[in-house]
Every structure is written in C-alpha cells, then in structure tokens.
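Asker: Pasting a structure here, questions to come.
In this note's numbering, the protein residues as written are 38 to 288.
Structure, rendered in structure tokens:
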C-alpha cells in the first residue's frame, strides 16, 4: 500500500509538473502529435483515454469519474455542433461565390479574372477536375510565357488528379474532405475515419506505452483511493489537457 501511495503522489506530482514545463510537453507532443496525420490527434487520444477510465472508475464504484465524463461528453457535443455549423456556413459561402462568378462568366465568357477565380474556388474545394477546366480556359486566353500562372495551375491540377488516382484518398462522409489513406481523423471536421482497432494498430509504440501506463495507474488509483483523491487527479489531468490543446492551437 505504501508503494502505491508513493506511485500516486509521484504521478500527481508529474501532472502538476506538466503545467510548468515545456520539456515534458515536448515528449508528449512527440509521442501523440508529430507521428500522426491529424494535428489534433493528441487531444483526441487523451480525451478518449480520460473518458474510458472515467467509465472504469464509475463501474468500480468511484464517483470522481462522473463529472469528468460529463464534461467530456458535453464538450464533445458542443464541439461537433460548432464544427457542423462552421462547415455548413463555409459551404454556403463558397456556393454563393461560385454562383456569382458563374453568372458573371455568362455575361463575359472570356473574362480571365473570373475564370481564375472559379478555378481557385474549385481548387479550394478539392474539385480538381472543375478547377482544371477553368484554368485551361483561362490558359487559352493568355498568350504569355510557357510557365504562365494558369498553365502552372493546370499542371498542378493534373498532378493532383494523378496523385489522387494512385493514392486512393479517403473521402470524409461528414464534410467531403479528402484525407490520406492512413488518416485516423478528418483534417477538416475531425470525424473518425478508422475503427478503434485500426487506430490502435496505427499508433507508434511510444503512444501505446504512454496510454498503457496512464491506464494502469488510473485503474489502480480508482480501486485503492477515495473519490476525493481521484477527483484531484482528474482535475490536474484536465488542466494539463487544456494546456496541451491551447498550445497546439497556437502552433
């Protein structure tokens, strides 16, 4: 029991230490962020781990996991609502811009600026074939050097189309964003693109080790210590999580 108490105090001390050290943050960042496809991967992983062990704590009779799980669930729902609303507004904005430009193009079919603007909009939406169509039309209007902007853009679209056919990207069912074949979360809306088993297999060994160590400690603490002590542990964990998230967003 004494050894477990020492482990508990040591782990609690580490959580407090994380608030004031960049060195430990860099270690966590390297394990959870840099090797993954999505920049918010560490946030998702840590949130999932905390939620999972909150449920374990509740099942073992501890009450400290209830407020933490509630906070995570409410925050996640709010995050999804805001993301969905942002995506909807962005799509409507782009749609209106495309409609206005196409109406202008109907009046002036050979307007170079309108053709380029449409090409850029479709490129932003990753509709490379339509982008290529407008860039090629703009290219025909310009008798310039061989490497004109329209020609370079047309080359880029051909490259994107060829790369896409070779790499077989994963299309997010939520927002339509193209992601790499091994992507875990959508780069735009954060939707899960792979099963938990696939996510686990895709993690590097350092992330797996950290998750197992973290999980083992939280199970021990949930069994042997009071809910008040565990509540303090959850509090420092959430503070560290907020620190990581705010720092990643600024990066």
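Ideal placement from N, C-alpha and C gives every residue a C-beta, glycine not left out.
Measure how close the beta-carbons of residue 166 and residue 151 come, nearest whole angstrom, since I'm counting them as under 8 Å.
Answerer: In the chain shown, counting from the first residue as 1, residue 166 sits at position 129. In the chain shown, counting from the first residue as 1, residue 151 sits at position 114. That belief does not hold up - the Cβ atoms of residue 166 and residue 151 are roughly 19 Å apart, past 8 Å.
Asker: Start and end of the alpha helix (DSSP H) containing residue 153?
Answerer: Here residue 153 corresponds to residue number 116 of the chain shown, with the count starting at 1. Residue 153 -> alpha helix (DSSP H) spans 149–161.
Asker: Please classify residue 118 as buried or exposed, where buried requires at least 16 other C-beta atoms within 10 Å of its C-beta.
Answerer: To locate residue 118, count along the chain shown from 1; it is residue 81. So residue 118 counts as exposed.
Asker: Tell me the residue span of the alpha helix (DSSP H) that contains residue 170.
Answerer: Within the chain shown, the letter at position 133 stands for residue 170. 165–178 is the extent of the alpha helix (DSSP H) around residue 170.
Asker: What is the rounded straight-line gap between the Cα of residue 159 and the Cα of residue 47?
Answerer: Here residue 159 corresponds to residue number 122 of the chain shown, with the count starting at 1. Here residue 47 corresponds to residue number 10 of the chain shown, with the count starting at 1. So the alpha carbons of these two residues sit roughly 54 Å apart.
Asker: Which residue or residues does DSSP assign as beta-bridge partners of residue 133?
Answerer: Taking the first residue of the chain shown as position 1, residue 133 is located at position 96. Partner(s): none; residue 133 has no beta bridge.
Asker: Please state the DSSP three-state secondary structure of residue 224.
Answerer: The sequence position of residue 224 within the chain shown is 187, counting from 1. Here residue 224 sits in coil by DSSP.
Asker: Whole-angstrom Cβ separation of residue 228 and residue 213, contact assumed at under 8 Å?
Answerer: In the chain shown, residue 228 corresponds to position 191, counting from 1. In the chain shown, residue 213 corresponds to position 176, counting from 1. Residue 228 to residue 213, Cβ: 11 Å. No contact.
Asker: What does a CB cutoff of less than 6 Å around residue 138 pick up in its chain, not counting 5 residues either side in sequence?
Answerer: As a working mapping, residue 138 is identified with position 101 in the chain shown. These residues qualify, in order along the chain: 151, 154 and 155.
Asker: With distance defined between alpha-carbon atoms, name the residue in 208, 233, 149 and 232 nearest to residue 224.
Answerer: Sequence index remark: in the chain shown, residue 224 carries index 187 (1-based). Answer by Cα proximity: 208.
Asker: Would you mind sorting residue 248 into buried or exposed? The rule is 16 or more other CB atoms within 10 Å of its CB.
Answerer: Counting from one through the chain shown, the residue named residue 248 turns up at place 211. Looking at its Cβ environment, which holds 16 or more other Cβ atoms inside 10 Å, residue 248 is buried.
Asker: Mapping DSSP to helix, strand and coil, what is residue 216?
Answerer: To locate residue 216, count along the chain shown from 1; it is residue 179. In this structure, residue 216 counts as strand in the three-state DSSP scheme.
Asker: Nearest to residue 271 by alpha carbon, out of 175, 173 and 104?
Answerer: By 1-based counting over the chain shown, the position of residue 271 is 234. It is 104.
Asker: Less than 8 Å between C-beta atoms, sequence neighbours within five positions excluded: which residues of the same chain meet that for residue 198?
Answerer: As a first step, residue 198 must be located in the chain shown, where it is residue number 161. Taken in chain order, the residues that qualify are 165, 166 and 169.
Asker: Going by DSSP, which residues form a beta bridge with residue 229?
Answerer: Reading the chain shown from its first residue, position 192 is the one you call residue 229. Note: residue 229 sits in a beta bridge opposite 222.
Asker: Can you tell me the Cα-Cα spacing of residue 240 and residue 230, whole angstroms?
Answerer: Locating residue 240 in the chain shown gives position 203, where the first residue counts as 1. Locating residue 230 in the chain shown gives position 193, where the first residue counts as 1. Using only the alpha carbons, I get a separation of about 14 Å.
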